[in-house]
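Below is one structure, written out as structure tokens; comments come after it.
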DNA sequence: ATATAACCGAGACGGTACGTCAGGTCTTAGG
DNA sequence: CCTAAGACCTGACGTACCGTCTCGGTTATAT
């Protein structure tokens with residue numbers, strides 16, 4: 001079925017490592033395909049066989065850098081949600097802002113990149129959505145609005161602060177968001 | 001004291017106008033210094049005499065793009081807020097997304113650009129904050145969270161959809177946000 | 001061993017042809033790298049891959065321009081010499097003066113260019129030298145001076161008029177030179 | 001008659017000195033008008049008021065660098081001529097070759113420059129012509145050719161060597177030229 | 001004494017070219 | 001079918017230079 005010389009599996013790792021180093025130094029703009037290939041000791045063609053553009057390379061890079069968020073929903077939707085939002089905020093603020101902005105820009109320019117980038121956030125946001133729905137069913141949360149909207153109001157402000165106002169994403173801020181969206185916890 | 005030929009004051013305007021048009025079409029990356037100069041009917045050197053790089057040009061451009069949004073608060077904070085959010089959403093969705101993303105990216109890279117860009121949104125967001133504060137005082141809105149956070153939850157989702165999820169910014173969506181944040185209107 | 005895509009051999013020719021045309025029109029100063037590349041239907045980088053600067057391009061160009069002048073010595077050295085000098089004069093005056101001057105200037109600046117340029121004239125001057133030597137042996141010409149000096153006195157005035165005094169190089173003038181150097185023809 | 005503020009006579013000297021230094025370092029191409037003006041502590045306009053172009057500046061510079069050749073014709077045309085040719089050769093070889101070539105090139109491009117440059121050589125060559133004519137009248141030199149042609153054969157080879165073949169201009173060579181043109185001196 | 005004309009410094013301006021760099025595609029030889 | 005190497009195209013970048021121009025301000029001479 002698959003004939004010919006197989007891909008050297010080690011190459012991908014070397015390329016991503018090289019790209020990571022480049023990204024670390026000069027950001028998205030400072031990342032040069034030529035330099036990445038050279039640093040990895042690989043021909044440019046070999047890189048392009050794996051990712052069709054600089055944007056895709058970076059998407060893959062980010063994807064590889066992201067640690068799986070092992071998330072086990074408990075019986076406490078409110079607690080779960082807080083954990084999730086705090087984790088997302090932490091993840092965002094530990095990534096160079098310009099990178100995230102660049103990914104957004106690349107997404108806006110090229111729909112295919114957009115798809116990849118959205119896939120990048122997908123599981124985090126999916127997890128949030130799931131928990132919010134669960135909370136709604138449990139009656140903890142206002143049910144007169146769609147869960148997607150609540151998610152937007154939990155996660156959107158994080159990106160907003162990051163990309164627009166430039167204010168910091170502290171865990172406290174994340175918890176305040178929770179409070180505002182879910183309302184104060186009822187004392188039993 | 002030492003003067004020399006004064007700068008042609010009309011040129012700066014023509015350059016910024018040309019740059020604005022370029023930016024509108026192709027975003028930050030698509031803005032070419034050569035084309036800007038040509039479109040303005042000016043030598044490239046004349047442009048570089050004013051701004052030392054593409055980045056500086058864009059900073060100045062953004063600063064110059066800031067338009068006043070005449071907003072007259074009425075006695076109905078809820079109505080005012082809806083108008084504002086819908087207007088902001090309309091403004092955002094009528095601007096090329098990539099441009100907004102590029103501005104965010106440029107902001108993240110260069111603090112000076114960030115300052116300019118934030119100033120760009122300042123009026124609008126300021127108006128929202130003012131009205132939210134007023135609504136809180138009138139008891140229309142939950143008062144257990146800072147007004148700034150409520151603003152984030154009204155405006156943030158707009159940018160989030162625009163830059164991250166790519167979903168459309170309909171007036172309906174804006175109204176739904178309002179509903180979620182302020183709660184359903186009380187029937188008198 | 002390490003190959004890569006081979007250079008397109010046709011390109012060099014096209015570039016040199018384009019450069020020759022440019023040189024013919026505007027001399028060294030008028031030769032624009034951008035125009036040469038454009039005329040050759042080639043990217044500027046492709047040109048720079050071959051020659052690192054305008055000067056190097058011109059060196060190569062001159063080297064390539066060297067044409068053979070088929071000259072068959074007869075039994076009549078005096079006639080041969082006249083033919084040669086008249087031909088050289090005609091060649092010189094049909095070439096734009098500024099080009100020749102530019103070549104001289106470039107030669108003076110860069111020894112490598114000088115070498116190329118000298119090689120350019122080599123055949124012609126070599127032929128003159130040969131015939132002069134032959135004429136000396138035949139006793140037609142003064143033998144108390146080295147043939148090289150006589151050649152200088154036949155060819156030098158041509159360049160002198162061209163580059164210094166600006167006077168025209170007529171065939172008559174060439175013949176007058178001959179007469180002065182060889183003396184009047186003896187009537188048999 | 002001549003109203004207005006008179007030119008500052010010191011400036012011309014400073015400009016020429018600055019230009020000379022520039023020329024010494026980088027040749028004609030390396031001479032930058034801006035730098036000359038700056039080095040002379042003078043505005044560019046002030047320079048252009050004196051010379052209309054870089055070429056004219058250089059012409060004036062050369063003219064200013066040329067020392068008067070005080071030449072007193074004696075009763076010995078042969079000796080006079082030798083002196084003259086040797087002096088000219090010395091003058092030429094003490095000037096950077098590229099400069100002379102550049103002047104020739106500039107002359108070919110611009111007739112006005114040509115005129116200036118020719119004026120530069122005028123008196124030297126005029127002196128040679130005068131002495132040659134005198135020698136012809138005295139019967140020392142072949143009279144079947146115009147004096148101008150003999151001059152060309154004495155002076156032309158100097159420029160030829162300088163600009164074309166690149167061979168050195170030794171006093172010996174100058175004397176050999178003399179010998180060839182005038183013939184061996186008759187022993188009385 | 002007061003125009004007036006030409007000077008001077010400073011620097012903007014248009015135009016043209018330079019050489020470099022980046023992203024992406026294509027071509028060849030070899031594994 | 002992959003890899004390596006590198007040529008190629010497109011297009012932009014920022015710099016340098018030339019020669020012109022437009023200022024404010026400074027001398028001189030001519031009226």
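Residue numbers (the UniProt record's numbering), protein chains in the order written: chain A, 1 to 188; chain B, 1 to 188; chain C, 1 to 188; chain D, 1 to 188. Glycine included, every Cβ here is placed at the ideal spot set by N, Cα and C. Please read all numbers here as calculations on a predicted model, not as lab measurements.
#1: Roughly how many angstroms separate the alpha carbons of residue 1(A) and residue 43(A), rounded to a whole number?
#2: Given this structure, state the Cα-to-Cα distance separating residue 157(A) from residue 38(D), to the nearest angstrom.
#3: Which residues bound the alpha helix (DSSP H) around residue 34(A)?
#4: Going by CA-CA distance only, name the one from 112(C), 3(C), 100(C) that's closest to residue 25(C).
#5: What residues from chain C crowd round residue 212(D), counting only those whose CB sits closer than 8 Å?
#6: Any chance the segment 121 to 131 of chain B sits against the segment 45 to 65 of chain B, with 3 or more Cβ pairs inside 8 Å?
#7: With residue 163(C) as the anchor, note down where its alpha helix (DSSP H) starts and where it stops.
#8: Within 10 Å of its beta-carbon, does residue 188(B) have 16 or more other beta-carbons around it, so buried, or fewer, so exposed?
#9: Please identify the residue among 71(D), 19(D), 125(D) whose C-alpha is closest to the C-alpha of residue 64(D).
#10: Grouping DSSP H, G and I as helix and E and B as strand, with all else coil, what is residue 4(D)?
#11: Within 8 Å (strictly less), CB to CB, does residue 188(C) reach chain D?
#12: Between the Cα of residue 109(A) and those of 153(A), 56(A), 149(A), spot the shortest distance and give me the residue it belongs to.
#13: Starting from residue 102(D), trace the alpha helix (DSSP H) both ways and give me its first and last residue.
#14: Mind checking residue 144(D): buried by the 16 CB within 10 Å criterion, or exposed?
#15: Starting from residue 62(C), follow the alpha helix (DSSP H) in both directions and report where the run begins and ends.
#16: Would you call the segment 72 to 84 of chain C and the segment 131 to 150 of chain C in contact, with 3 or more CB pairs under 8 Å?
#17: What number of angstroms, rounded off, separates the C-alpha of residue 10(B) from the C-alpha of residue 22(B)?
#18: I need the straight-line Cα distance from residue 95(D) to residue 28(D), nearest angstrom please.
#19: Given a limit of 8 Å on CB to CB distance, which residues of the segment 156 to 168 of chain B reach chain A?
#20: So residue 154(B) packs on residue 181(B), CB below 8 Å; how close in whole Å?
#21: Please confirm whether residue 184(D) has its beta-carbon closer than 8 Å to some beta-carbon of chain C.
#22: Can you give me the Cβ contacts of residue 129(C) inside the same chain, cut-off strictly under 8 Å, excluding the 5 residues immediately before and after it?
#23: Check whether the Cβ atoms of residue 103(C) and residue 169(C) lie closer than 8 Å to each other.
#24: Looking at chain A, which residues of the segment 137 to 150 of chain B have a Cβ within less than 8 Å of any of its Cβ atoms?
#25: Rounded to the nearest angstrom, what separates residue 13(A) and residue 5(C) at their Cα positions?
#26: Give the C-beta separation of residue 164(C) and residue 159(D) to the nearest angstrom, bearing in mind that I take them to be a contact with Cβ-Cβ under 8 Å.
#27: Please state whether DSSP places residue 74(C) in a helix, a strand or coil.
#28: Specify, as a first and last residue, the run of the alpha helix (DSSP H) that residue 29(C) falls within.
#29: List the endpoints of the continuous alpha helix (DSSP H) containing residue 174(B).
#30: Of the choices 30(D), 166(D), 16(D), 59(D), whose alpha-carbon is the least far from that of residue 41(D)?
#31: Note the first and the last residue of the continuous alpha helix (DSSP H) segment covering residue 157(C).
#32: Can you list the residues of chain C that residue 107(D) reaches, using a CB-CB cut of under 9 Å?
#33: Buried or exposed for residue 174(C), please, with buried defined as at least 16 other CB atoms from any protein chain shown within 10 angstroms of its CB.
#34: Roughly how many angstroms separate the alpha carbons of residue 179(C) and residue 7(C), rounded to a whole number?
#35: Would you verify that the beta carbon of residue 179(D) is, or is not, closer than 8 Å to some beta carbon of chain C?
#36: Nearest-angstrom Cα distance between residue 54(C) and residue 115(B)?
In short, the structure shows the following:
#1: Counting from 1 along the first chain, the entry for residue 1(A) is found at position 1. Counting from 1 along the first chain, the entry for residue 43(A) is found at position 43. Because residue 1(A) carries a pLDDT of 48, less than 50, the predicted location of this residue cannot be relied on, and no value is offered for it.
#2: Numbered from its first residue, the first chain carries residue 157(A) at position 157. Numbered from its first residue, the fourth chain carries residue 38(D) at position 38. Cα to Cα, residue 157(A) sits roughly 57 Å from residue 38(D).
#3: The residue you call residue 34(A) lines up with position 34 of the first chain. That run of the alpha helix (DSSP H) goes 33 to 40.
#4: Within the third chain, the letter at position 25 stands for residue 25(C). Selected option, being the one with the closest Cα: 100(C).
#5: The structure shown does not extend to residue 212(D), since chain D is modelled only from 1 through 188, so no value can be given for it.
#6: no
#7: Locating residue 163(C) in the third chain gives position 163, where the first residue counts as 1. Here residue 163(C) belongs to no alpha helix (DSSP H), and DSSP marks it neither H nor E.
#8: Start at 1 with the first residue of the second chain, and residue 188(B) comes out as number 188. Its pLDDT being 48, under 50, residue 188(B) is placed unreliably in this model, and the value from its coordinates should be taken loosely. Burial call: exposed.
#9: In the fourth chain, the residue the question calls residue 64(D) occupies position 64. Taking only the C-alpha atoms, the option nearest residue 64(D) is 19(D).
#10: Position 4 of the fourth chain, counting from 1, holds the residue named residue 4(D). DSSP places residue 4(D) in coil when its eight states are reduced to three.
#11: Locating residue 188(C) in the third chain gives position 188, where the first residue counts as 1. Since pLDDT at residue 188(C) reaches only 48, below the 50 mark, its modelled position is unreliable, and no value is offered.
#12: Working through the first chain from its first residue, we reach residue 109(A) at position 109. Closest option to residue 109(A), Cα to Cα, is 56(A).
#13: Walking along the fourth chain from the start, residue 102(D) turns up at place 102. It spans 97 to 109 - the alpha helix (DSSP H) in which residue 102(D) sits, taken as one unbroken run.
#14: As a first step, residue 144(D) is located in the fourth chain; it is residue number 144 there, counting from the start. Burial call: exposed.
#15: Walking along the third chain from the start, residue 62(C) turns up at place 62. 54 to 65 is the span of the alpha helix (DSSP H), which, as asked, contains residue 62(C).
#16: yes
#17: As a position in the second chain, residue 10(B) is number 10, starting the count at 1. As a position in the second chain, residue 22(B) is number 22, starting the count at 1. Those two C-alpha atoms are separated by around 19 Å.
#18: Walking along the fourth chain from the start, residue 95(D) turns up at place 95. Walking along the fourth chain from the start, residue 28(D) turns up at place 28. Each residue's alpha carbon lies about 13 Å from the other.
#19: 156, 157, 158, 159, 160, 161, 163, 164, 165, 166
#20: Here residue 154(B) refers to the residue found at position 154 when the second chain is read from its first residue. Here residue 181(B) refers to the residue found at position 181 when the second chain is read from its first residue. Confirmed, Cβ separation roughly 6 Å.
#21: Numbered from its first residue, the fourth chain carries residue 184(D) at position 184. Yes - at least one Cβ of chain C is within 8 Å of the one on residue 184(D).
#22: To locate residue 129(C), count along the third chain from 1; it is residue 129. Hits under 8 Å: 147, 148, 151.
#23: As a working mapping, residue 103(C) is identified with position 103 in the third chain. As a working mapping, residue 169(C) is identified with position 169 in the third chain. The answer is no: Cβ separation not under 8 Å.
#24: 142, 144, 145, 146, 149, 150
#25: Taking the first chain and counting its residues from 1, the one referred to as residue 13(A) is at position 13. Taking the third chain and counting its residues from 1, the one referred to as residue 5(C) is at position 5. One C-alpha to the other measures close to 27 Å.
#26: As a working note, residue 164(C) is residue 164 in the third chain. As a working note, residue 159(D) is residue 159 in the fourth chain. Yes, they are in contact, since the Cβ atoms of residue 164(C) and residue 159(D) sit about 6 Å apart, within 8 Å.
#27: One-based indexing of the third chain puts residue 74(C) at position 74. Correct three-state label for residue 74(C): coil.
#28: Counting from 1 along the third chain, the entry for residue 29(C) is found at position 29. Element bounds for residue 29(C): 9 to 30.
#29: The residue you call residue 174(B) lines up with position 174 of the second chain. That run of the alpha helix (DSSP H) goes 171 to 182.
#30: Within the fourth chain, residue 41(D) is the residue found at index 41, counting from 1. Per the Cα distances, 16(D).
#31: Within the third chain, residue 157(C) is the residue found at index 157, counting from 1. Residues 147 to 159.
#32: Position 107 of the fourth chain, counting from 1, holds the residue named residue 107(D). Correct list: 97, 98, 101, 163, 164, 166.
#33: By one-based count along the third chain, residue 174(C) stands at place 174. Under this definition residue 174(C) is a buried residue.
#34: In the third chain, residue 179(C) corresponds to position 179, counting from 1. In the third chain, residue 7(C) corresponds to position 7, counting from 1. Approximately 53 Å between the Cα atoms of the pair.
#35: As a working mapping, residue 179(D) is identified with position 179 in the fourth chain. Yes - at least one Cβ of chain C is within 8 Å of the one on residue 179(D).
#36: Taking the third chain and counting its residues from 1, the one referred to as residue 54(C) is at position 54. Taking the second chain and counting its residues from 1, the one referred to as residue 115(B) is at position 115. Approximately 45 Å between the Cα atoms of the pair.
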